[in-house]
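Enquirer: Got a structure for you, written out below as C-alpha cells; questions coming shortly.
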Amino acid sequence: MSTAIINISSLVTNDPSLGEGPLGLVQDAAVIIDGDRVAWIGESSKAPATDNAVDAGGRAVIPGFVDSHSHLVFAGDRTAEFNARMSGRSYSAGGIRTTVAATRAASDAELEANLTRYLTEALRQGTTTFETKSGYGLTTHDEARALRIAAAHTDEVTYLGAHIVAPEFADDPDGYVSLVTGEMLDACAPHARWVDVFCEKGAFDGDQARAILEAGKRHGLVPRVHANQLGHGPGVQLAVEVGAASADHCTHLTDADVEALAQGTTVATLLPGAEFSTRAQWPDARRLLDAGVTVALSTDCNPGSSFTSSMPFCVALAVRDMGMTPDEAVWSATAGGAAALRRTDIGRLSPGARADLALLDAPSHVHLAYRPGVPLVSAVWRRGVREL
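Shown next, in the form of C-alpha cells:
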C-alpha cells in the first residue's frame, strides 16, 4: 500500500539536494510512502496518485527523532534523590547503585513492562528510533537479560557492564574490569551492537575504559563512550582514539578535545536533560558546531540524572541554553542521532529512507523550540505504518 501525506506547510528532509539549506526544507510539500520506505518527495500539487492520502492541513513534517542514548532497562524510583539534589546536593556517579539494587530484584516481565512504557511515551513525542543500554544489573546474568529484553524492541542495543563498579567489587575494581571484559562480555556480546563505558571519576579511569572498549571491539562491538560529563578527563580523547561512534555528554572540554572531535569521525552527543536535571554546566554546542564537529542530541533517559523521554524538550533546551539555532537542534535530534548510530536509512526523509516521520501540530519545526512543553506531535509513522 502507498500513502501520500499532502498539504505539508514545511517539510524537513535533512537532504539539501531536495530543498533549502542544511535541513533541505520543502514548502507546500508532499511525502509518498510505499511500504516501509519513502518513495517520493516534492511539491504537494505534483504528488503522484497513491492508494491512500492524508491531508496534513498546512502543518509541518519532520523525520522521526533518533534518540541515540538512553538507559531504559531498569526498575525502581529515585524521586527522593532528585528531591534532595534540587534541595542542594550535587549529583555524583554513585546514585546508580540505587537503581542497580532495584533492577536486580525485578523480574524480566517487570523490566520489559517498564521499557515498553517509556518507549510508548517516547513514540508519542515523535521518537521512532532509540538506542538503549544495559548497566543497571552489573552481574553477568543481569546484564545479559537486560540486553535480551532490549533487543526484542530495538536493533540499537549497547552493552554497558562498565556503568560503575559493581557494589560487591568495591574493593577490587580491577577484578570487576576483568569480569566486564571476560565472562560478562562473552554472555552479553551476542545481544548487543555497541560497547560503552562511563569514563569518569567515580566510575572508570582512562586505562580501565580503554581495556573495556578494546575487549568489546574484539567481540565485534563498536565503541561508544560516556565522556567528560562531570569534569575534564580522558573520555573524549579515548573515544576518538578507539574510533567510537560517539562521545556522549561532552560537557567539560579542552581545546584539544574539540580539535580531536573535529578531526575525527566521532559524533559529540549532547544530553541537555542531564544538565537540566542536575543543575550542572550546560554543554557548549556552539563551540563544537563552530569547530566543525558533528553534534547529536539525545535524551539520556534514565531514572537518576535525566528522567525525560522527550526529544522536543531536549531540542528546546539546546536552543535556549546551549547556543544552537532551531535548525541545528532539529538536525542534531534527527540526522545527528542517525550519525551517532552510523545509520543512513533514518534521520532523513528522501527517497529510499525508512518512512519514519512526525506530523507536528504547527506550521514549522521552529515551534519545537518556540513552544516548549507543548505536545506538538500529532501523528507518527514508523516504517511506513501510522502508529499515532
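For the sequence shown, position 55 (counting from the first letter as 1) is numbered 55 according to this note's numbering, and the numbering increases by one without interruption. For each residue, glycine too, the CB sits at the ideal point set by N, CA and C. Source: prediction; values computed, not measured.
1. When you compare only the Cα positions, how much space is there between Asp399 and Arg383?
2. When the Cα atoms are used, what is the spatial distance from Cys301 to Glu43?
3. Taking the continuous alpha helix (DSSP H) assigned at Trp331, which residues delimit it?
4. Mapping the DSSP letters down to three states, classify Ala192 as helix, strand or coil.
5. Measuring CB to CB, does Leu341 end up less than 8 Å from Ala262?
6. How close, in whole Å, do the beta carbons of Ala75 and Ala105 come, if the pair is a contact with beta carbons under 8 Å?
7. Using the DSSP secondary-structure output, state which residues sit across from Glu131 in a beta bridge.
8. Leaving out five residues on either side along the sequence, give the residues of the same chain with a beta carbon under 6 Å from the beta carbon of Trp40.
9. Taking DSSP as the reference, what is the three-state secondary structure of Gln27?
10. Taking the alpha carbon of Asn14 as the point to measure from, which residue in Ala338, Arg371, Arg386 has its own alpha carbon closest?
11. Is the CB-CB distance between Leu388 and Val38 below 8 Å?
12. Measuring CA to CA, which of Asp248, Gly273, Pro173, Val242 is closest to Leu288?
13. Round the Cβ separation of Arg224 and Asp186 to the nearest angstrom and send it over; I've been treating them as touching at under 8 Å.
14. Can the beta-carbon of Phe130 be found closer than 8 Å to that of Thr98?
15. Tell me, please, whether the segment 263–280 touches the segment 308–317 by the rule of three or more beta-carbon pairs shorter than 8 Å.
16. For the beta strand (DSSP E) holding Asp413, just list the boundary residues, first then last.
17. Quick one: give me the first and last residue of the alpha helix (DSSP H) that Asp321 is part of.
18. Roughly how many whole angstroms lie between the Cα atoms of Gly161 and Ser45?
19. From the DSSP output, in three-state form, read off Gly19 for me.
20. Determine the contact status of Val240 and Cys250, defining contact as a CB-CB distance below 8 Å.
21. Just grab the DSSP bridge partners of Asp55 for me.
22. Within 10 angstroms of its Cβ, does Thr127 collect 16 or more other Cβ (buried), or is it exposed?
23. Could you have a look at Asp356 and say whether DSSP puts it in helix, strand or coil?
24. Can you tell me whether Val26 is buried or exposed, with buried defined as 16 or more other CB within 10 angstroms of its CB?
25. On the DSSP bridge list, what partners appear for Pro223?
Expert: If we stick to the structure as given:
1. Within the shown structure, residues of the chain are numbered from 1 to 388, placing residue 399 beyond reach of any answer.
2. Along the sequence shown, one-based indexing puts residue 301 at 301. Along the sequence shown, one-based indexing puts residue 43 at 43. Taking C-alpha positions only, Cys301 is separated from Glu43 by approximately 37 Å.
3. Here residue 331 refers to the residue found at position 331 of the sequence shown. Segment 326–331, the alpha helix (DSSP H) holding Trp331.
4. Numbered from its first residue, the sequence shown carries residue 192 at position 192. Note: Ala192 maps to coil in three-state DSSP.
5. If you number the sequence shown from 1, residue 341 lands on position 341. If you number the sequence shown from 1, residue 262 lands on position 262. No. Outside cutoff.
6. For the purposes of this step, residue 75 is taken as the residue at position 75 of the sequence shown. For the purposes of this step, residue 105 is taken as the residue at position 105 of the sequence shown. About 7 Å; that satisfies the 8 Å criterion.
7. The sequence position of residue 131 within the sequence shown is 131, counting from 1. Glu131 pairs with Glu156.
8. Working through the sequence shown from its first residue, we reach residue 40 at position 40. Cβ within range, chain order: Ile32.
9. As a working mapping, residue 27 is identified with position 27 in the sequence shown. The answer is strand: DSSP assigns Gln27 an E or B state.
10. Position 14 of the sequence shown, counting from 1, holds the residue named residue 14. For the residues Ala338, Arg371, Arg386, the minimum Cα distance to Asn14 belongs to Ala338.
11. Locating residue 388 in the sequence shown gives position 388, counting from the first residue. Locating residue 38 in the sequence shown gives position 38, counting from the first residue. Cβ distance not < 8 Å, so Leu388 and Val38 don't count as in contact.
12. If you number the sequence shown from 1, residue 288 lands on position 288. Checked all of Asp248, Gly273, Pro173, Val242; the closest Cα to Leu288 is Asp248.
13. In the sequence shown, residue 224 corresponds to position 224, counting from 1. In the sequence shown, residue 186 corresponds to position 186, counting from 1. Wrong, their Cβ atoms sit about 20 Å apart, outside the cutoff.
14. By one-based count along the sequence shown, residue 130 stands at place 130. By one-based count along the sequence shown, residue 98 stands at place 98. Cβ distance not < 8 Å, so Phe130 and Thr98 don't count as in contact.
15. Flag = yes, the segment 263–280 and the segment 308–317 touch.
16. What is shown of the chain runs 1 to 388, which leaves residue 413 out entirely.
17. Walking along the sequence shown from the start, residue 321 turns up at place 321. Residues 311–321.
18. The residue labelled residue 161 in the question sits at position 161 within the sequence shown. The residue labelled residue 45 in the question sits at position 45 within the sequence shown. When rounded, the distance between both Cα atoms is 53 Å.
19. Here residue 19 is taken as the residue at index 19 of the sequence shown, counted from 1. Of the three classes helix, strand and coil, the one that applies to Gly19 here is coil, per DSSP.
20. Translated into the one-based positions of the sequence shown, residue 240 becomes position 240. Translated into the one-based positions of the sequence shown, residue 250 becomes position 250. No; because the gap between Cβ atoms is not below 8 Å, this pair is not in contact.
21. By one-based count along the sequence shown, residue 55 stands at place 55. The beta-bridge partner set that DSSP reports for Asp55 consists of Ile6.
22. To locate residue 127, count along the sequence shown from 1; it is residue 127. Thr127 comes out buried.
23. Within the sequence shown, residue 356 is the residue found at index 356, counting from 1. Looking at Asp356 - three-state DSSP - the assignment turns out to be coil, as it is neither helix nor strand.
24. By one-based count along the sequence shown, residue 26 stands at place 26. Buried, since its Cβ has 16 or more Cβ neighbours within 10 Å.
25. As a working mapping, residue 223 is identified with position 223 in the sequence shown. Paired residue(s): Val195.
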